[in-house]
Each structure stands twice: as C-alpha cells, then as structure tokens.
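Asker: Quick note on numbering: numbering that gives the first Met the number 0 labels position 687 of the sequence shown as 686, and the sequence is numbered without any gaps. Backbone N, C-alpha and C define an ideal beta-carbon position, used for all residues, glycine too. What you are looking at is a predicted structure, and each value in this text was computed from that prediction instead of being measured.
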Amino acid sequence: MIGRSLSNSVINLGIQDQYAEALNQLGFEFEVLAEQEGDASLGNGGLARFSACQMDSLATLDYPAWGYGLRYEYGLFRQIIVDGFQHEQPDYWLNFGNPWEIERIHVTYEVKFNGTVEEVDMNGEKVKVWIPGETVEAVAYDNPIPGYGTKNTINLRLWAAKPSNQFDLEAYNTGDYINSIVNRQNTEAISNVLYPDDRSHQGKEMRLKQQYFFVSASLQDIIRRFKEAHNNFDELPEQVALHLNDTHPSLSIAEIMRILVDEEHLGWSKAWNIVNKIFSFTTHTVVAEGLEKIPVDLLGSLLPRHLQILYEINSNFMEELKKKIGLDYNRLSRMSIIEEGAVKSIRMANLSIVCSHTVNGVSKVHSNTLKTKTFKDFYELWPEKFQYTTNGVTQRRWIVVSNPSLCALLSKWLGTEAWIRNADLLTGLRDHVDNTSFRHEWKMVKRLNKMRLAEYIETMSGVKVSLDAMFDVQVKRIHEYKRQLLNIFGIIHRYDCLKNMDKNDRRKVVPRVCIIGGKAAPGYEIAKKIIKLCHAVAEKVNNDADIGDLLKLVFIPDYNVSVAELVIPGADLSQHISTAGHEASGTGSMKFLMNGCLLLATADGSTVEIIEELGSDNLFLFGAKVEEVAELREKGGALKVPLQFARVLRMVRDGYFGDKDYFQSLCDTVEVGNDFYLLGSDFGSYLEAQAAADKAFVEPDKWIKMSILSAAASGRFSSDRTIREYAERTWKIDPCQCPF
Ligand code: CR1
C-alpha cells in the first residue's frame, strides 16, 4: 500500500529543490502537481501499509532486498457514501498508466495449474511428475523504491498475469478458436482484483490461484538469480532468506520443495534441510479463527503435486512429533498441518511454523498471545523459534512527506537532519520541551496542519469546523474489535450531556471535532452499520444549531494513504481503542505519535511498548487489560455496565438517530451478555479517559508539552529499527552499499 510516489521519491533522492525549480520553469507548482497523483492501493490495511514502510527502510538502510507482490488491476475498492451507506466502486488505478512501473516484458515465467501427477521411471528410480493442465504467464512490473540518503534503490516486483501462447494450441488446432480466446481472457483475470477482506479468508479458488501465481513466479525469479552465480543448492540458505509476511505466500514452502525434489532432483531430505534454513515467518493476526485455511479438495484439484508434498511434510512432522510428545492425539491433531473435520483443510499458519526457522510476532503483547494461546503447542515444542519484532513506520513518509512544517521545525531544533535516517535522535526534543519559543513554534505547526485538514473536511463534507476545537481522530479499517462503535457511543453521550447542560456549564466544555474514517469489507454487515450510524449521528449533531461548534462529527470517506497524510498531522488526539488482546500491533498510533498527536488508547498491541517509551502520564489510557478480558467475558450477563451506556444504547434502539429497525442488530452486538468486545464494561473508563483529555486540552502548555514528548518518544517506532532487528536477528544479512 504505497500510496503516492512522487513526493516520496523526490525527497528520498534528495532532489526536492531542483525538481520544484524545474517545475516552476514549466509553470507548475510542485504541491499542485503532487496532488494529482492517485494512490497505489494494492493491499487492505495495516499489513499492506507496514510492508510499504518496510520497503522504504530496507532501501534506506542499504539492505539487498526484494519485495514481491501482485500487480492488481483493481486495487482496494473506493469507498463512496450515499445516504450514509458505504458503497464500493472499483479502483481502476491504471487508467492513465502508471509512471512508476517498468514493464519487464522479458522477465516472464510460466505458472502452471491443475492437471495430474504421474509416476515415471527415471534412471531406475520412481519419481513423481506433475503434468499441469493450464499454463499462465507471469510478467514482471518493477517498482523502484529509492532509499533516503543513499544511492541504494531496491525493487518491488509485481506480477501480472498474461495468457500463455502455448497452452491451448490443441484448441486452435481442433477449430475451437473462439473458446480458446475466451479462455485466454480467464487466465488474465488472476491478477485482476484484490480481495478486500483483511482478516477472514474464505478458501476461494481465485484467491488460491492468486497466491500460487505470486509464489511460483517469485520463486522462479529468485532461483534463476541464484543459479546465475551458484551451482550448488547447499549454498541457497547462505544466499537467500525468504520472509513470509503472513501466511499469504506460504505455498512457497511446497513450491520450493517441488522445485528442489522434482526438478532439481536433490532428494527429499536434502531439500528439506535447505528449506528449513531459508524461511522465516511473521504472523500479523491474533485470533486463531483469523488464520488462513485452504480446503484440501480445492488445493488438490488446483495443485495436485503440492498437496502430495504438503501431506508428506505433515506426515514427517507428525512422526517426529510423536517421538517427542508421545501419543497425545489431541495435541497431535491441534498441531497437524491438516485439519480434519467437515471441510478438510490445510492450516497455513501451522505449515509456516513447521517450516520456518523463526516465528515472529509484531509486538510484545502479540508475541505473548502467540506463545501462550494461539501457538502454545508449537511454543512448547520449539521455544527458540519464537521471537517478536515490534512494528514500525517510516519517518520519511510520515513526517518528511506528510508534514513538511514539522520536518523543518524538528531539523531546526535538533540542529540536524540526521533524524531522517536515525529516528532515535528525536529523543533530543526532550531537551527543548521547556523552551517557550520552541513550544510556540510547535503550536503554530499544529495549527497550520489543522487548517489544512479543516479545509479538506469542508470540501469533502461541507462541515465547517473550528480550529480551536480539539481534533479527535479515529482512522483505520472498520472492525468490531477496533471499536469505532465505542467512539460513536462516546460521541452520543457527549451530545446528550451537552443537550442537558445549562449555558454556564456549556462555556466550560472543550469543543470537539470528531473525525472517523475507514473502509468496511464489502460483506461485513455490522461494520457497514457502524458507518451508517456514524453518519446518522453526524447528521443530527452537525445540524443542531443549539450545539454549534461544541461538537461536530465528520466521517472522512475513502480513507487511504494520501488521506492519512493529511489527517494525521492535523490531529490533536487519536484513538486506538481495540479490546485488549485483539490488535496484533497497530501502526497508525505510531504515525500519530510521530506527528505530536496525543493518544487515547487501550493497553493493546504496540501501545504497551509506546507506554514504556512515553510514560503513562503522557497519554490517556483506559479499559480492561489483556489478562482481564477472559474473566470479564465469562461474567456474561452479570457484567456491570454503566447507566450512561444503557442510555446511549436505548437512544439508538429507540430511533433517536433514525433508521430504528436497521440499527437493532448492531445494538444487539453490544447488549449485556452478548457484548464480546466489552464496549459496555469499558465504557466508564473510556469516558474518564476522554474527560482527562478535555482537562489537559484546556491547559495549552501542558498539552503542547505532552505533544512534544509524544514525538520525542516515537523514534523507537521507526521501521528502520524494525528492519535492522529483522536483518540482524532473523535474516542475518548485512547492509550492502551501492559501490558507485
Ligand atoms: C494487524 O491487524 C498490525 C498489522 C501489521 C494487521 C495490525 O495490528 O499492525 O497487521 N494484520 O503488522 C493484518 O492486516 C491481514 O492482517
């Protein structure tokens, strides 16, 4: 999820001024031009954006890395809002061409599907041979990723599917000309469209085809490069580290075994020893239900040889496991790569763990959950495999590109631009926190960014907002566990209080502009209802003249990278309020932190480490802790829920915001006894945290100090630190500087 590339490339190449000057001579302004660029949205949410930050850091730190992915013709859908409802529109982002990509018409590989497996005699030995039924061509499109302050530029190679010219000669020869052309079009569909669900995977044939297509082309590319310089596969683990960024590419395990065994004839155990040394794996999910599974029948018909290989990996693993743990059949069946049951499936996470030398979590909390719950059995077997590498975000994109005024201020007061490559230097801001002119300049920068955001809000939604109000933002994918509903209920409560307040009390109220943005997966009914409720409440509140500037609610449509670049610098407060134990890491919070925005958060995912760095006095923390959640859930109907929560729920149920019937099922999800994400039981402490934020906001000096300290604590959350940890601990690679 790269977003736009122009500003980022020009900055990373260090040619910002010359470029702007050249444009000027042509009669264009850089800022105006940059705004014309569309976003590359080839992913869903946190994982995809994190990958883009990782690429930026890999390039900047001179690591010799390649990123691989699919060149979807339709990226993540565009969200438009009609009458408060989300509608999805195709993102045909390549309409005007993509100036950032280089089509490599000579870098193509055949990717095969279907067919049968036959046993043939080869020099007296029986070997398995896959006779595929269909062939598709993968064409490489290279997207250069320039590092900052280095000549190193790495490559994001994306694959597009093209019909192979060979595959249906027979059809042509038998005269079925029209059908063979139609078939060609079907094969092109493989890289057409991104699946918009970021957490649930429904074993769809096309998704599996996409995964294999991506994996097969990438591995052929990697092995071709390896073979250009080496002729002994024993050297492969020395030369190549493959990182599975979640389970989506985990079929590469079966594919590389197939290549080494069936094509390179290394024999199973030699191939297996090699494969075991090259893969590392990061999981980005928390709940076991979110883990990817592929139905055996589907895999068997699309990739018959791979299914055999997966069975063999599993049977060897089961034998080895029995020797270690005995005949504990429950545990054996939990750990098996094959899940028995109504729909027999391959557990892609188990496969990845078994075959990787390292299993990474994305934050400390996440890693603990993996060890004690999700993958407990595996942790007990291989404790040394489990590590965590806390996520990060790149300060190049999230400060230098998106917040030029802050960038200038930081360099001025730190006396150097070195923080752009070494974010640890941001701690130096702590030295100036008591300096009044620094604080004044800091305040001015925030004001400027709020102005930009206010203009955008007015253009998008027609709502005029006051710059004196606290800009309170929650932007991320819409999910029940991220609890946008808790935020909306908080807003309803605030509105209700305002309505019942006399004029005198109202004068003491901190005006708020509540900003919510994010996409709901098209089939996620409840998430879509949350979006509608947000609009219904906004309609009522924003049109209530009696409330005026004291409260505004805006939904920002089509949240994406470039919208984030505008919204994040302009936020005073941002919310990261998932039910503890559900957000693996969260990276949005890190971007807000870098931009001097205060956090209102639960102790979940990366927030726990942010607190270590920032101190709990400098953010607004609330809610149940990870270790309390299970117990609270057990209480069910006996759980204590504040009266205010019941009142807000009633208002929605009674149709105070219209659409009474439509919202009933949404209300059911948080009714006492049914409230899985614990909105009710966290509501009291949520309101307290909000009150604390209001209290701090009326003391501007205190607020600005907290804001400065937030940015000062953000260095640890640079993806440069993340990547360095991966490079040193997991991949064991060294920087490799461009020699010229
Ligand atoms: C997690 O939900 C994490 C990112 C990056 C997401 C989020 O908490 O910050 O990954 N997972 O590690 C995801 O997108 C498909 O899964």
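Using CA atoms only, rank isn't needed, just tell me which of Ile345, Asp433, Val509 is closest to Phe470.
Answerer: Nearest C-alpha to Phe470: Val509.
Asker: Just to confirm, does Asn390 get its C-beta within under 6 Å of one of the non-hydrogen atoms of the ligand FMN?
Answerer: In the structure on display, the ligand FMN does not appear, and the ligands it does have are the ligand CR1.
Asker: Specify whether the segment 551–564 and the segment 527–541 touch according to this definition: at least 3 beta carbon pairs, one from each stretch, less than 8 Å apart.
Answerer: These segments touch.
Asker: With distance defined between alpha-carbon atoms, name the residue in Thr115, Tyr140, Asp120, Met121 nearest to Pro131.
Answerer: When only C-alpha atoms are compared, the closest one is Thr115.
Asker: Beta-carbon separation of Tyr676 and Arg476 under 7 Å?
Answerer: No, they are not a contact pair.
Asker: Can you find the residues in the same chain that come closer than 6 Å, C-beta to C-beta, to His431, ignoring five residues on each side of it along the sequence?
Answerer: Excluding residues within five positions, the ones whose Cβ falls inside 6 Å are Trp412, Phe437.
Asker: Over the uninterrupted alpha helix (DSSP H) stretch that includes Trp412, give me the two end residues.
Answerer: Looking at the DSSP string, the run of the alpha helix (DSSP H) that includes Trp412 is 403–413.
Asker: Along the chain, which unbroken stretches of the beta strand (DSSP E) at least 3 residues long are found entirely within the segment 84–108?
Answerer: Counting whole runs of 3 or more residues, the segment 84–108 contains the beta strand (DSSP E) stretches 84–88.
Asker: Shorter than 6 Å, the distance from the beta carbon of Leu46 to the closest heavy atom of the ligand CR1, or not?
Answerer: Yes - the ligand CR1 has a heavy atom lying nearer than 6 Å to the Cβ of Leu46.
Asker: Closest to Asn97 by CA distance: which of Asp141, Met121, Gly461 is it?
Answerer: The shortest C-alpha separation from Asn97 is found at Asp141.
Asker: Helix or strand or just coil, what does DSSP make of Gly683?
Answerer: It is helical.
Asker: Starting from the C-beta of Val400, find all residues in its chain whose C-beta is less than 7 Å away, skip the five residues before and the five after it, and write them out in chain order.
Answerer: The answer, listed in chain order, is Ser6, Asn7, Ile10, Glu564.
Asker: For the alpha helix (DSSP H) holding Asn503, just list the boundary residues, first then last.
Answerer: Asn503 -> alpha helix (DSSP H) spans 502–506.
Asker: Does the Cβ of Phe213 lie closer than 6 Å to at least one heavy atom of the ligand CR1?
Answerer: False, no ligand heavy atom lies under 6 Å from that Cβ.
Asker: If you compare alpha carbons, which of Val214, Val358, Arg70, Glu87 is closest to Ser190?
Answerer: Comparing Cα-Cα distances from Ser190 to each of Val214, Val358, Arg70, Glu87, the minimum goes to Arg70.
Asker: Can at least three beta-carbon pairs, one atom from the segment 669–686 and one from the segment 614–626, be found at a separation below 8 Å?
Answerer: The answer is yes - the segment 614–626 touches the segment 669–686, with three or more Cβ pairs under 8 Å.
Asker: Which whole-angstrom value describes the C-beta separation of Met54 and Leu155, a residue pair presumed to lie in contact below a C-beta threshold of 8 Å?
Answerer: Sure, about 6 Å apart at Cβ, within 8 Å.
Asker: So, for Glu254: in the same chain, excluding its five sequence neighbours on each side, which residues have a beta-carbon less than 8 Å away from its beta-carbon?
Answerer: Excluding residues within five positions, the ones whose Cβ falls inside 8 Å are Tyr211, Val214, Ser215, Leu218, His305.
Asker: Count Cβ pairs between the segment 196–207 and the segment 40–52 that sit closer than 8 Å; are there 3 or more?
Answerer: Verdict: yes, contact present.
Asker: Please report the distance separating the alpha-carbon of Ser362 from that of Ala602.
Answerer: Rounded to whole angstroms, Ser362 to Ala602 spans 12 Å at the Cα level.
Asker: Can you tell which of Ile14, Arg723, Ser251 has the C-alpha that lies nearest to the C-alpha of Thr389?
Answerer: Selected option, being the one with the closest Cα: Arg723.
Asker: Expressed to the nearest angstrom, what Euclidean distance is found between the alpha-carbon atoms of Ile14 and Ala160?
Answerer: So the alpha carbons of these two residues sit roughly 35 Å apart.
Asker: Compute the Euclidean distance between the alpha carbons of Thr152 and His581, then round it to the nearest angstrom.
Answerer: Computed Cα separation, rounded: 36 Å.
Asker: Which one of Asn594, Gln663, Lys226, Thr606 has the shortest CA to CA distance from Met705?
Answerer: Answer by Cα proximity: Asn594.
Asker: Look at the alpha carbon of Lys322 and the alpha carbon of Val651, and state the distance between them as a whole number of angstroms.
Answerer: If you take the alpha carbons of Lys322 and Val651, they lie about 58 Å apart.
Asker: How many angstroms separate the CA atom of Val562 from the CA atom of Glu34?
Answerer: If I take the Cα positions, the gap works out to 11 Å.
Asker: How about the segment 456–463 and the segment 497–507: do they share at least three Cβ pairs that are nearer than 8 Å?
Answerer: They do not touch, by the three-pair rule.
Asker: Can you name, in chain order, every residue of its own chain whose Cβ lies under 7 Å from the Cβ of Ala691, other than the five neighbours on each side?
Answerer: So the list reads Phe619, once near-sequence residues are dropped.
Asker: In whole angstroms, what is the alpha-carbon distance linking Ile222 and Leu331?
Answerer: So the two alpha carbons sit approximately 34 Å from each other.
Asker: Hey, Gly516 and Val474: beta-carbon distance below 7 Å or not?
Answerer: Taking 7 Å as the Cβ cut-off, Gly516 and Val474 qualify as a contacting pair.
Asker: Suppose contacts are defined by Cβ-Cβ distances below 7 Å. Is Cys596 in contact with Ala570 by that definition?
Answerer: Contact flag set, yes.
Asker: Strictly by DSSP, which residues pair up with Cys513?
Answerer: For Cys513, which the question treats as bridged, DSSP gives the partners Asp471, Leu552.
Asker: Determine the burial state of Cys737: buried for a count of at least 16 other Cβ atoms within 10 Å of its Cβ, exposed for fewer.
Answerer: Exposed, because fewer than 16 other Cβ atoms sit within 10 Å of the Cβ of Cys737.
Asker: Where does Arg482 fall in DSSP's three states?
Answerer: If DSSP states are grouped into helix, strand and coil, Arg482 belongs with coil.
Asker: CA-CA distance, Ser584 and Ser163?
Answerer: Looking at the two C-alpha atoms, the distance is approximately 42 Å.
Asker: Would you kindly report the start and end of the unbroken beta strand (DSSP E) that includes Ile740?
Answerer: Residue 740 lies beyond the stretch modelled for the chain, which goes from 0 to 739, so this question has no answer here.
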